[in-house]
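Contents: one structure, followed by commentary.
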Amino acid sequence: MLNYIAVDTLLKDRVILITGAGGGIGRAAAMDCARLGATVILLGRTLEKLESVSDEIDGAGYGQPAIYPLDLRTATDEDYQELADVLKEEFGCLDGLLHNASILGQLTPMSNYESRTWRLVMHVNVTAPFMMTQALLPLLEVSKDASVIFTSSGVGTQGKAYWGAYCVSKFATEGMAQVLAQETENTSKIRVNIINPGATRTSMRAQAFPGEDPALNLTPKEIMPSYQYLLGPDSVGVTGQRFNAQEMHKPPKEETGI
0 MLNYIAVDTL
10 LKDRVILITG
20 AGGGIGRAAA
30 MDCARLGATV
40 ILLGRTLEKL
50 ESVSDEIDGA
60 GYGQPAIYPL
70 DLRTATDEDY
80 QELADVLKEE
90 FGCLDGLLHN
100 ASILGQLTPM
110 SNYESRTWRL
120 VMHVNVTAPF
130 MMTQALLPLL
140 EVSKDASVIF
150 TSSGVGTQGK
160 AYWGAYCVSK
170 FATEGMAQVL
180 AQETENTSKI
190 RVNIINPGAT
200 RTSMRAQAFP
210 GEDPALNLTP
220 KEIMPSYQYL
230 LGPDSVGVTG
240 QRFNAQEMHK
250 PPKEETGI
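The sequence shown: position 72 = 71 (numbering that gives the first Met the number 0), numbered continuously.
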């Protein structure tokens with residue numbers, strides 16, 4: 000599936016929720032899904048960032064997205080059920096759920112890792128997506144072909160020294176996605192897959208590699224083909240798989256001489 004190219008109406012009439020939509024990959028995914036016809040639900044912690052993305056989508060003529068501020072660090076079961084109730088009343092179903100939000104935590108030996116930070120990283124990166132998915136499963140089951148995407152990392156399948164809770168949380172994310180994929184494969188029309196974005200020009204990447212030249216990495220917009228494929232109908236029947244987003248990178252068009 001290298002160099003996947005989406006048609007302009009790929010996500011027409013689909014309702015897609017994106018966590019961490021205020022910046023980075025989440026922002027790029029929101030813009031791209033809206034461009035391809037989806038009604039996008041922007042979920043994140045900072046209202047101002049969500050409003051900025053919403054204004055950009057609306058200003059581009061892609062329609063008005065929905066905004067749902069929610070802090071994954073403190074959200075409770077009741078908060079996620081309220082989210083499900085609001086979406087049910089407003090949209091009736093959910094066609095796509097992109098778990099993009101996560102936090103890095105500390106890059107330090109495990110012997111020095113703060114237990115408070117460890118718990119926070121595991122909660123935001125693993126427990127919160129579990130709670131949200133559980134609450135939204137009934138809405139996903141209403142869809143004719145719903146897609147759930149979990150976000151992993153290059154350290155999600157191979158442990159790396161000093162990456163602590165982030166590394167462990169991505170192992171757990173991959174396990175959670177695999178379990179859910181098997182549970183839903185023969186009982187619903189929900190498909191569940193994993194994306195590893197790879198080295199991407201984001202604030203988290205800069206935090207993890209402060210000495211790296213960001214120009215060496217792809218932008219979030221450039222890795223969107225894998226997200227397009229998994230959120231759209233071309234991936235119906237594909238579940239329990241892990242995709243490296245940069246292997247589906249669409250190269251820029253070649254310039255032609257005059």
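All residues carry an ideal CB built from backbone N, CA and C; glycine is no exception.
Just so you know, these numbers come straight off a predicted model, no measurement behind them.
> Span of the alpha helix (DSSP H) holding Gly174?
Replying inline: For the purposes of this step, residue 174 is taken as residue 175 along the sequence shown, with counting starting at 1. Its alpha helix (DSSP H) spans residues Gly163 to Glu184.
> Between the C-alpha atoms of Arg200 and Glu81, what's the straight-line distance to the nearest angstrom?
Replying inline: As a first step, residue 200 is located in the sequence shown; it is residue number 201 there, counting from the start. As a first step, residue 81 is located in the sequence shown; it is residue number 82 there, counting from the start. Near 34 Å, if we compare the C-alpha coordinates of Glu81 and Arg200.
> To the nearest whole angstrom, what separates the beta carbons of Ser168 and Ser234, a pair I think is in contact under 8 Å?
Replying inline: Residue 168 sits at position 169 when you count from the first residue of the sequence shown. Residue 234 sits at position 235 when you count from the first residue of the sequence shown. Not confirmed; about 25 Å, so no contact.
>> Buried or exposed, going by whether 16 or more other CB atoms sit within 10 Å of the CB of Gly163?
In response: In the sequence shown, counting from the first residue as 1, residue 163 sits at position 164. That one is buried.
> What is the DSSP secondary structure of Asn2, reduced to helix, strand or coil?
Replying inline: Residue numbering aside, residue 2 sits at position 3 when the sequence shown is read from its first letter. If DSSP states are grouped into helix, strand and coil, Asn2 belongs with coil.
>> Taking contact to mean 3 or more Cβ pairs, one atom from each stretch, closer than 8 Å, check whether the region 84-91 and the region 211-227 are in contact.
In response: At 8 Å Cβ cutoff, the stretches do not touch.
>> Using the Cβ count rule (16 or more neighbours within 10 Å means buried), how would you classify Pro209?
In response: Here residue 209 corresponds to residue number 210 of the sequence shown, with the count starting at 1. Under this definition Pro209 is an exposed residue.
> What number of angstroms, rounded off, separates the C-alpha of Val154 from the C-alpha of Ala207?
Replying inline: As a working mapping, residue 154 is identified with position 155 in the sequence shown. As a working mapping, residue 207 is identified with position 208 in the sequence shown. Looking at the two C-alpha atoms, the distance is approximately 12 Å.
>> DSSP three-state label for Val235, please.
In response: Residue mapping note: residue 235 aligns to position 236 of the sequence shown, counting from 1. DSSP places Val235 in coil when its eight states are reduced to three.
>> Just to confirm, is the Cβ distance from Pro64 to Ile102 under 8 Å?
In response: Start at 1 with the first residue of the sequence shown, and residue 64 comes out as number 65. Start at 1 with the first residue of the sequence shown, and residue 102 comes out as number 103. No; because the gap between Cβ atoms is not below 8 Å, this pair is not in contact.
>> When you compare the CB positions of Glu173 and Ser151, do they come within less than 8 Å of one another, or not?
In response: Position 174 of the sequence shown, counting from 1, holds the residue named residue 173. Position 152 of the sequence shown, counting from 1, holds the residue named residue 151. Yes, these two residues count as a Cβ contact at 8 Å.
>> For Ile258, tell me which candidate among Thr45, Met203, Ser142 and Asn111 has the shortest Cα-Cα distance.
In response: Here the chain comprises residues numbered 0 to 257, so residue 258 is not present and cannot be evaluated.
>> Can you tell me whether Met109 is buried or exposed? The criterion is at least 16 other CB atoms within 10 Å of its CB, across all chains shown.
In response: Against the sequence shown, residue 109 aligns to sequence position 110. That one is exposed.
> Rounded C-beta distance between Leu97 and Ala28? I'm assuming under 8 Å.
Replying inline: Mapped onto the sequence shown, residue 97 falls at position 98. Mapped onto the sequence shown, residue 28 falls at position 29. So it is a contact: roughly 6 Å between Cβ atoms.
>> Using a 10 Å radius around the Cβ and a threshold of 16 neighbouring Cβ atoms, would you call Asp31 buried or exposed?
In response: Counting from one through the sequence shown, the residue named residue 31 turns up at place 32. The residue is buried, with at least 16 neighbouring Cβ atoms inside 10 Å.
> Going straight from the alpha carbon of Glu253 to that of Asp70, what length do you get?
Replying inline: The sequence position of residue 253 within the sequence shown is 254, counting from 1. The sequence position of residue 70 within the sequence shown is 71, counting from 1. A caution first: Glu253 carries a pLDDT of 43, below 50, which makes its placement in the model unreliable, though a value can still be read off. Whole-angstrom Cα-Cα distance: 43 Å.
> By Cβ distance, which residues of its chain are closer than 7 Å to Thr238, with the 5 residues on each side in sequence left out?
Replying inline: Translated into the one-based positions of the sequence shown, residue 238 becomes position 239. Cβ within range, chain order: Ala180, Glu184, Arg190, Val191 and Asn192.
> Which first and last residues belong to the alpha helix (DSSP H) in which Ala100 is found?
Replying inline: As a first step, residue 100 must be located in the sequence shown, where it is residue number 101. It is not in any alpha helix (DSSP H) - Ala100 carries neither H nor E in the DSSP assignment.
>> When you compare the CB positions of Ala83 and Leu135, do they come within less than 8 Å of one another, or not?
In response: Within the sequence shown, residue 83 is the residue found at index 84, counting from 1. Within the sequence shown, residue 135 is the residue found at index 136, counting from 1. Cβ atoms of Ala83 and Leu135: closer than 8 Å.
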